[in-house]
Each structure stands twice: as C-alpha cells, then as structure tokens.
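A.B. asks:
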Amino acid sequence: MIIGYARVSKDEQNLDRQINQLNDYGVEKIIHEKYTGTKKQRPGMDQLLQTIRPKDTVVVESISRLGRNTLDILLFIQQLDHDKIAFISLKENIDTSTSTGKAMLQMMSVIAELERNLLAERVKEGIAASRRRGTAIGRPKVERSKLNMAMRLYNSGDYSVKEITEASKISQGTLYRELNKIKLQKLNAATLLYTKE
C-alpha cells in the first residue's frame, strides 16, 4: 500500500497543498495531522506507524514533514528501511526503494556519524583547554531522580515541555540535553544495525 503522510505545525496552516501533491502522486491512503511541537503526542504519526507493513511505501511532500529534528527524521527513515518499508519524499526526490535512494540514506547516516564525531572532538578539545586553565568542567549535576521524573512525564505524551520542567524542577535545556542524548544512543544503535546489513 502507498500511504501518504501530511503534517502542518500550526493550527492556522493548511494541509490542502500537501494532500493535493500526495493525491497527484497516487497514494492509496492519506494520514494527516496538525502538530504544534509543544507536546510529544502525534496521533497522525502514531496511526501511520500502526498502519504501515513491510513492502508498503510512505510518501511525504517534504522530509521536513516528519519532524523538526534531523536525528528523529533520520532514525525514522532508517527504521522504515529496516522494516522493509520504502520512503519517498517528493520535494527532495528521495526514494529508498531505489539504489540511489538507498545510497542517499547511507550518505545521510555517514554525515550524521561525521557530525557526532566532530561534536565529540570539539567537546574533548574544550574540556582539555578548560583543564589547562584550571576551570571547573561541566554543569552542576542534576539529580537523577529529577531526570527520571521528567522522562516519565515526557514519555507519557500528556504534558508540555513547560509543564514537565516545572514539575520536575529542571531547566528546558537539561530536558532537551537528556532527550538528545537518548536520541543519539538510538541513532548510534540504528546506524550500527543499518551498516551491518
């Protein structure tokens, strides 16, 4: 089955353009949603994940419709590929059912790995420079119990970021760092799995 996915990020934005492009492509079913990004819940994405099966194809108007975060998008596409589900982005002309599309996906994985390595290198250099200057390194430690509480609230999908940070008494930056750390761990695992195949 060829399934289209359309998303706008604000209630006032219109889905018609995306839906028209997906229909012009010839999708058999369209799943759409309006998602602001303030809460984790994405019923349209959840429905898409429950609907797709191996040998299906997911089509989007643009790769940006999958999310705001490059790591999340790459993880999603890699998971589709791992599950034998093709992915097509009309705007970027990506089709993972073709050898060119698969090569593009591998290139995206390599670029993500390069980004991670460059970031790790910069962090190491910064730490070394701080040690040479005798500067204290790192932020004050956040209690693990506060982070665990924040992760439980976030994973429930019922709370906004503001509600989570107020309840757990951590900053938004701390919450996002923890989320990014988890996403990087998942991406590393997915990249290893993908490169072994």
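The numbering of the sequence shown is numbering that gives the first Met the number 0, which starts it at 0 and goes up by one.
All C-beta atoms, glycine included, are put in the ideal place defined by N, C-alpha and C.
Here the structure is a predicted model, which is why all the values come from computation and not from measurement.
Short check: CB of ASP26 to CB of GLY3, under 7 Å?
C.D. replies: Asp is not the amino acid found at residue 26; the sequence shown has Val there. Cβ atoms of VAL26 and GLY3: closer than 7 Å.
A.B. asks: How many angstroms separate the CA atom of GLN46 from the CA atom of PHE75?
C.D. replies: Distance between the alpha carbons of GLN46 and PHE75 is about 14 Å.
A.B. asks: Which term fits GLN77, buried or exposed, when burial requires 16 or more other beta carbons within 10 angstroms of its beta carbon?
C.D. replies: Label assigned to GLN77: buried.
A.B. asks: Note down, in chain order, each residue of its chain lying with its Cβ closer than 6 Å to the Cβ of TYR264, except the 5 sequence neighbours on either side.
C.D. replies: As displayed, the chain neither begins before 0 nor continues past 196, which places residue 264 out of reach and without an answer.
A.B. asks: Using the C-alpha atoms, what's the distance from ILE72 back to LEU65?
C.D. replies: Taking the straight line from one Cα to the other gives about 6 Å.
A.B. asks: Beta strand (DSSP E) containing ARG6: first to last residue?
C.D. replies: Looking at the DSSP string, the run of the beta strand (DSSP E) that includes ARG6 is 1-7.
A.B. asks: With H, G and I counted as helix, E and B as strand and the rest as coil, what does DSSP make of ALA85?
C.D. replies: Here ALA85 sits in strand by DSSP.
A.B. asks: If you check the beta carbons only, do ILE29 and ILE18 fall under 7 Å apart?
C.D. replies: It is a contact, given that the beta carbons lie within the stated cut-off.
A.B. asks: Going by other Cβ atoms of all chains shown within 10 Å of its Cβ, with 16 needed for buried, is THR164 buried or exposed?
C.D. replies: Buried: at least 16 other Cβ atoms inside 10 Å.
A.B. asks: Looking only at its chain, what residues have a beta carbon closer than 7 Å to the beta carbon of LEU48, apart from the 5 residues adjacent to it on each side?
C.D. replies: So the list is empty, once near-sequence residues are dropped.
A.B. asks: Considering VAL109, what are the terminal residues of the alpha helix (DSSP H) in which it resides?
C.D. replies: Run containing VAL109: 98-132, per the alpha helix (DSSP H) assignment.
A.B. asks: Please name the residue, chosen from GLU142, VAL7, SER88, that lies closest to TYR24 on a Cα-to-Cα basis.
C.D. replies: TYR24 has its Cα closest to that of SER88, out of GLU142, VAL7, SER88.
A.B. asks: Can you have a look at SER98 and say buried or exposed, based on whether 16 or more other CB atoms are within 10 angstroms of its CB?
C.D. replies: SER98 should be labelled exposed.
A.B. asks: Pull up the DSSP beta-bridge partners for ASP94, would you.
C.D. replies: Beta-bridge pairing links ASP94 to ILE87.
A.B. asks: Let me make sure I understand the geometry here. Which of ALA102, LEU113, VAL7 has the alpha-carbon closest to that of SER61?
C.D. replies: The candidate whose alpha carbon is nearest that of SER61 is VAL7.
A.B. asks: Is it buried or exposed, ASP80, if we count other Cβ atoms within 10 angstroms and call 16 or more buried?
C.D. replies: Counting Cβ neighbours within 10 Å, ASP80 comes out buried, since at least 16 surround it.
A.B. asks: Could you check what DSSP says for SER170 in three-state terms: helix, strand or coil?
C.D. replies: Three-state DSSP puts SER170 in coil, outside helix and strand.
A.B. asks: What separation, rounded to the nearest whole angstrom, lies between the Cα atoms of ILE93 and MET106?
C.D. replies: Taking the straight line joining both Cα atoms gives about 12 Å.
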